[in-house]
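Numbering-wise (this note's numbering), the sequence shown opens with residue -17 and increments by one.
Note that CB positions come from ideal geometry on N, CA and C, so glycine has one too.
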Amino acid sequence: MRHPFSILTLLITSAAVCAAQNHDLGYDNTPSYPGSRWRVHDSSRPRPEMVTPGSCNGPSAKPPADADVIFDGKNTSQLVTIQKGQAGPVSWKVENGYMEVIPRMGGVTTKESFGDMQLHVEWASPSVIQGTSQNRGNSGIMIMGQYEVQVLDSYDNLTYADGQAASIYGQYPPIVNASCKPGEWQAYDIFFEAPKFEGDKLVKPAYVTVVHNGILVQNHEQILGTTPHASVGTYKAHGELPLELQNHNTSVRYRSLWIRRLKPRNS
Ligand code: MG
-17 MRHPFSILTL LITSAAVCAA QNHDLGYDNT PSYPGSRWRV HDSSRPRPEM
33 VTPGSCNGPS AKPPADADVI FDGKNTSQLV TIQKGQAGPV SWKVENGYME
83 VIPRMGGVTT KESFGDMQLH VEWASPSVIQ GTSQNRGNSG IMIMGQYEVQ
133 VLDSYDNLTY ADGQAASIYG QYPPIVNASC KPGEWQAYDI FFEAPKFEGD
183 KLVKPAYVTV VHNGILVQNH EQILGTTPHA SVGTYKAHGE LPLELQNHNT
233 SVRYRSLWIR RLKPRNS
């Protein structure tokens, strides 16, 4: 009993630190985007209601004839993993018609660069639930490597609204939660208009529409900048860039990925 107050203080401090570091439900000290009433990952932002999709875990959709097939369940020749600035072979497990994230082995990036696009991607969260909130089935569709449509196991998994599946990470929750169960195959159809720059100046922001399992969840939303964690993103001028699938250290699977480059109609 030489230092009873010190031990008590230590316990209280440890509890406070743990509470402060547990952001499963969001944050109350992050900045806001200009004009937004919500903080980034705002813990009080309402979660979207659940809408059960018409079908989950269905067969893979065949790509249209004019699509760039990025991944067909087997062939990874259109993809690389970039580690320490060096592009190398895909570092994820490829088997049984899908590829699966291997934690801490980097993301997967397209060899080609893309601008305006229609993107179809099919993914599945781990069937065995591990972790909570952002640590449960987290990956991401990093459009142009920097604008994230979140991939997360959002089936009965409480997290902050702008970080759940089909959110534009840190900016917009989906209109509804159209998630399938863990382990079931799900689909995103994403329609993306790339930002336009003149020199360093942004002249048109990016816009995105997302359909999750056949349900409209993002309707031509204006992307406000890059999508960092717990802070406000900005734009920095760029041209066409590769697309990346994020490695967030959970074993998310992908089985189909194709992209159509969007062109204006010819009349
Ligand atoms: Mg993510």
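{"Query": "Since Ala169 is in the beta strand (DSSP E), which residue starts that stretch and which ends it?", "Result": "168 to 175"}
{"Query": "Alpha carbon to alpha carbon, how far is Tyr151 from Thr141? Give it in angstroms, no decimals.", "Result": "12 Å"}
{"Query": "Just checking my contact of Ile205 with Gln153 at CB under 8 Å: how many whole Å lie between their CB atoms?", "Result": "7 Å"}
{"Query": "Tell me which same chain residues have a C-beta within less than 6 Å of the C-beta of Glu14, skipping the five on either side of it?", "Result": "Note that residue 14 is Ser in the sequence shown, not Glu. Same-chain partners within the cutoff: Arg21."}
{"Query": "DSSP on Gly89, reduced to helix/strand/coil?", "Result": "coil"}
{"Query": "With H, G and I counted as helix, E and B as strand and the rest as coil, what does DSSP make of Ala106?", "Result": "strand"}
{"Query": "Does the stretch 178 to 189 come close enough to the stretch 42 to 54 to have 3 or more Cβ pairs within less than 8 Å?", "Result": "no"}
{"Query": "By the three-class DSSP mapping on this structure, what secondary structure does Ser145 have?", "Result": "Contrary to the premise, residue 145 reads as Gly rather than Ser in this sequence. Gly145: helix per DSSP, three-state reduction."}
{"Query": "If you follow the beta strand (DSSP E) that Trp240 is in, where does it begin and where does it stop?", "Result": "235 to 243"}
{"Query": "Which residues does DSSP pair with Asp24 in a beta bridge?", "Result": "Tyr9"}
{"Query": "Put Ser(-4) into one of helix, strand or coil per three-state DSSP.", "Result": "Note that Ser(-4) scores 46 on pLDDT, short of 50, meaning its location in the model is unreliable and no value can be drawn from it."}
{"Query": "Would Lys93 and Glu82 qualify as a contact pair, given that the criterion is a beta-carbon distance under 7 Å?", "Result": "no"}
{"Query": "Nearest to Gly36 by alpha carbon, out of Ser249, Val234, Leu198?", "Result": "Leu198"}
{"Query": "Is Asn120 close to the ligand MG? I mean its beta-carbon at under 6 Å from any heavy atom of the ligand.", "Result": "yes"}
{"Query": "Please classify Arg237 as buried or exposed, where buried requires at least 16 neighbouring CB atoms within 10 angstroms.", "Result": "buried"}
{"Query": "On the CB-based measure, 16 or more other CB atoms within 10 Å of its CB, does Val(-1) come out buried or exposed?", "Result": "Interpretation of Val(-1) is limited by its pLDDT of 44, a score under 50 that renders its predicted location unreliable; the figure taken from the coordinates is listed afterwards. Counting Cβ neighbours within 10 Å, Val(-1) comes out exposed, since fewer than 16 surround it."}
{"Query": "Under 6 Å: does the beta carbon of His102 sit that close to some heavy atom of the ligand MG?", "Result": "no"}
{"Query": "Please indicate yes or no: does the CB of His230 lie closer than 6 Å to some heavy atom of the ligand MG?", "Result": "yes"}
{"Query": "Heavy atom of the ligand MG less than 6 Å from the Cβ of Gln128, yes or no?", "Result": "no"}
{"Query": "Checking the sheet assignment: what are the DSSP bridge partners for Leu134?", "Result": "DSSP lists no partner for Leu134."}
{"Query": "Going by beta-carbon coordinates alone, are Met126 and Leu223 separated by less than 7 Å?", "Result": "yes"}
{"Query": "Determine, using beta carbons only, whether Ala106 and Trp240 come nearer to each other than 7 Å.", "Result": "no"}
{"Query": "Check Ser115 in the structure and name its three-state DSSP category.", "Result": "helix"}
{"Query": "Put Ile125 into one of helix, strand or coil per three-state DSSP.", "Result": "strand"}
{"Query": "Would you please state the rounded distance, in angstroms, between the beta carbons of Ala212 and Thr12? I believe it to be under 8 Å.", "Result": "5 Å"}
{"Query": "Look at the alpha carbon of Gln146 and the alpha carbon of Val133, and state the distance between them as a whole number of angstroms.", "Result": "7 Å"}
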